[in-house]
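Numbering (UniProt numbering), first residue to last: 1 to 73.
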């Protein structure tokens, strides 16, 4: 069951679904839903995004930081 996004926090995860009114965002094993009307441009499904909100309640979308498992020397 998806919970409504807390606009006071940043949400990092993968966009898994979008319907007429909501965007569903997977954060770990949990899901949050964002109102589609808060977005100027809807993020692509399958993309890793970091979503936060400004003072007016509009969504700010950024590329999520990905951790790699590679080794560097």
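Ideal placement from N, C-alpha and C gives every residue a C-beta, glycine not left out.
With distances taken from CA atoms, which of the options is nearest residue i?
| i | options | result |
| --- | --- | --- |
| residue 92 | 47, 59, 41, 63 | One cannot answer for residue 92 here, as it falls past the ends of the chain, which runs 1 to 73. |
| residue 54 | 19, 6, 29 | 6 |
| residue 12 | 19, 50, 32 | 50 |
| residue 57 | 14, 63, 28, 34 | 34 |
Per DSSP, what kind of secondary structure is residue i in: helix, strand or coil?
| i | result |
| --- | --- |
| residue 37 | helix |
| residue 23 | strand |
| residue 3 | strand |
| residue 55 | coil |
| residue 60 | strand |
| residue 50 | strand |
| residue 42 | coil |
| residue 32 | strand |
Note the first and the last residue of the continuous beta strand (DSSP E) segment covering residue i.
| i | result |
| --- | --- |
| residue 13 | 11-18 |
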